[in-house]
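A.B. asks: Under this note's numbering, the first residue of the sequence shown carries the number 888, and numbering increases by one thereafter. Each residue gets a CB set at the ideal place from its N, CA and C atoms; glycine is no exception.
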Amino acid sequence: MKIWVASEDVADGLSGLPGLDIAVYDGREPVPDGIGEVEVWVPPLVPVKDIPGLLPRMTSLRLIQTVTAGVDPYLPHLPAGVTLCNARGVHDAGTAEWAVGAMIAALRDFPAFASAQTRGAWTWHYTGVLADSTVLIVGYGSIGEALERRLSGFEVEIVRVARNARPGVHGQDELPELLPGADVVVLLVPATADTAGMVDARFLARMKDGALLVNAARGSVVDTDALLAEVQKERLRAALDVTAPEPLPSDHPLWTAPGVFITPHVAGSTPASLRRTRKLICDQIARYISGEPLENIITGHY
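Here you go:
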C-alpha cells in the first residue's frame, strides 16, 4: 500500500507497520512519482498548492488523514469514495494553552511592557485582569473543553456556544444576546461556509466596550476591516493567532493598531502537538490496514 506522509518523523513512526510503501511529500518539493498509486495521504500542516488539481490525479486514493483539526482545504474537493479524517484532539493542549496565554498577555499589557523593556522604560500603570471576567467560548468542541479546564483556576465565568445547543451549551443563534455580557470572546470555530465572516461589524458592535476578541480559529472567521475599525477606535482589543490575509503583510495596519497582539499561527505548533499527531497517525493507519473503524471521520459539512 502506497502512502504519502509529510515528514520523516511520521515515516519513522509508520516503519514498523507491514506492507507500506512510504514516501515523504511535504508540499515544497516536486510531486513524487507514483501519484496515481497513493492509497493514503497524510498532507502537511501547511496545505500544498493546487489541491483541486492534485486530488484528481490520485486515482487510487481512499483515505486522507489530516494533521490539523480543520479540513477546509480538502473537503470541497474530496473525490467520491475517499474518506476524510481530521486530527481532532492533537492540538487541543497547545491551542488552549495559547488562548490562556494570549488572554493574560493582552489583558495585562505584556506586549506594551515588553516594548518598554527594549527602551529601558519603567512604564508603571494599572492593567486589566482575567479574574472576575466572563469568557465566551464560541465553538465549544474538544479545544473549548481543554480551554475551560485550563481556565478553571482563574476565577472566571465560562459561557459555552456551539453550532447547535445542548445541555450546558448555547446554540450559535443565541450569540446576539450573549455577546454584550462577555469580557473575553474566544473563537474556536472551524472554517466553513457558515463561519466565514461571522465576526462582522454587527457581531463586533454587540461586544461590550473594552472587551477582548481572541481568535484561535481561522482568519476567515473575522472581517478584518470591521475589526480594524473597532480597535483603531480603541473600543475593542484583540489577540490574534490567525489573520486574513495570512501571512499578514508587513505593512498591514493590524500590526500597529492599538490593543492588538498578534502571533504567526503558532497556537498548535508545539512538541506536544507533534507527539500526539505522530501517535494519532500511527494508530489510524494501523486501524486502516486491519480494517478496523477509523476515528475522526468527517461527515456532512464538518
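Within the continuous beta strand (DSSP E) that includes Glu1133, where are the two ends?
C.D. replies: From DSSP, Glu1133 is part of no beta strand (DSSP E); its letter is neither H nor E.
A.B. asks: What does DSSP give as the partner residues of Arg1174 in its beta bridges?
C.D. replies: Per DSSP, none; premise fails for Arg1174.
A.B. asks: Tell me whether Gly1031 is buried or exposed, calling it buried when 16 or more other Cβ atoms sit within 10 Å of its Cβ.
C.D. replies: Its Cβ being crowded by 16 or more others within 10 Å, Gly1031 is buried.
A.B. asks: Out of Ala992, Glu926, Ala1018, Thr1005, which one is the CA nearest neighbour of Ile909?
C.D. replies: Nearest C-alpha to Ile909: Glu926.
A.B. asks: Name the one or two DSSP bridge partners that Glu1044 has.
C.D. replies: Paired residues: Thr1021.
A.B. asks: Given 8 Å as the limit, is there contact between the segment 1108 to 1128 and the segment 1137 to 1151, that is, 3 or more CB pairs closer than that?
C.D. replies: In short, these stretches touch, since the Cβ pair count reaches three.
A.B. asks: Rounded C-beta distance between Glu1182 and Cys972? I'm assuming under 8 Å.
C.D. replies: Sure, about 7 Å apart at Cβ, within 8 Å.
A.B. asks: Use the C-beta contact count for Pro1063: other C-beta atoms within 10 angstroms, 16 or more gives buried, fewer gives exposed.
C.D. replies: The residue in question, Pro1063, is exposed, as its Cβ has fewer than 16 Cβ neighbours within 10 Å.
A.B. asks: Looking at Ala1103: is its Cβ nearer than 8 Å to the Cβ of Thr982?
C.D. replies: A contact, by the Cβ cut-off of 8 Å.
A.B. asks: Between which two residues does the beta strand (DSSP E) carrying Trp891 extend?
C.D. replies: 889 to 892 is the span of the beta strand (DSSP E), which, as asked, contains Trp891.
A.B. asks: Buried or exposed: Lys1166, going by 16 or more other Cβ atoms within 10 Å of its Cβ?
C.D. replies: Label assigned to Lys1166: exposed.
A.B. asks: Is Pro943 closer than 8 Å to Pro846 when the C-beta atoms are compared?
C.D. replies: A query on residue 846 cannot be resolved here, the shown segment of the chain reaching from 888 to 1189 and no further.
A.B. asks: What does Gln952 pair with, by DSSP beta-bridge criteria?
C.D. replies: According to DSSP, Gln952 bridges with Cys972.
A.B. asks: Would you report the Cα separation of Thr1111 and Asp959, rounded to the nearest angstrom?
C.D. replies: So the two alpha carbons sit approximately 19 Å from each other.
A.B. asks: Runs of 4 residues minimum, wholly inside the segment 1040 to 1099: which ones carry the alpha helix (DSSP H) assignment?
C.D. replies: Here the runs fully enclosed are 1062 to 1065, 1088 to 1093.
A.B. asks: CB-CB under 6 Å to Gly1197, same chain, minus the five flanking residues each way: which ones, in chain order?
C.D. replies: The first residue shown for the chain is 888 and the last is 1189, placing residue 1197 beyond what the model contains.
A.B. asks: If you follow the alpha helix (DSSP H) that Val897 is in, where does it begin and where does it stop?
C.D. replies: 895 to 901 is the span of the alpha helix (DSSP H), which, as asked, contains Val897.
A.B. asks: Per the contact definition of three or more C-beta pairs closer than 8 Å, is the segment 893 to 910 in contact with the segment 1161 to 1176?
C.D. replies: Touching, yes.
A.B. asks: Specify the secondary structure class of Trp1011 as computed by DSSP and reduced to three states.
C.D. replies: Trp1011: coil per DSSP, three-state reduction.
A.B. asks: Counting Cβ pairs closer than 8 Å, one from the segment 1066 to 1076 and one from the segment 1008 to 1025, do we hit at least three?
C.D. replies: A contact exists between the segment 1066 to 1076 and the segment 1008 to 1025.
A.B. asks: Alpha carbons only, please: which of Pro930, Val1109, His964 is nearest the one belonging to Ala974?
C.D. replies: Checked all of Pro930, Val1109, His964; the closest Cα to Ala974 is Pro930.
A.B. asks: Pick out whichever of Val1016, Arg915, Val1153 has its Cα sitting closest to the Cα of Glu1133.
C.D. replies: Comparing Cα positions, the closest option is Val1153.
A.B. asks: Short check: CB of Ala1083 to CB of Ala1113, under 8 Å?
C.D. replies: Against a cut-off of 8 Å, the Cβ pair of Ala1113 and Ala1083 comes out as no contact.
A.B. asks: Can you check which of these residues, Thr1079, Glu1117, Arg1105, Asp1081, is closest to Ala1096 by C-alpha distance?
C.D. replies: The sequence given here has Asp at residue 1096, not Ala. Asp1096 has its Cα closest to that of Glu1117, out of Thr1079, Glu1117, Arg1105, Asp1081.
A.B. asks: Would Asp920 pass as a contact of Ala893 if the rule is Cβ separation under 8 Å?
C.D. replies: It is not a contact, given that the beta carbons lie outside the stated cut-off.
A.B. asks: Quick check: what's the CA-CA separation for Ser1137 versus Ala992?
C.D. replies: Looking at the two C-alpha atoms, the distance is approximately 22 Å.
A.B. asks: Around the C-beta of Ile1184, are 16 or more other C-beta atoms found within 10 angstroms, so that it is buried, or is it exposed?
C.D. replies: Exposed, because fewer than 16 other Cβ atoms sit within 10 Å of the Cβ of Ile1184.
A.B. asks: With DSSP run on the structure shown, which of helix, strand or coil describes Glu1035?
C.D. replies: Helix at Glu1035.
A.B. asks: Quick check on this structure: which residue in Glu924, Trp891, Leu904 has the alpha carbon closest to the alpha carbon of Val1191?
C.D. replies: Not covered by the structure: residue 1191. The range shown for the chain is 888 to 1189.
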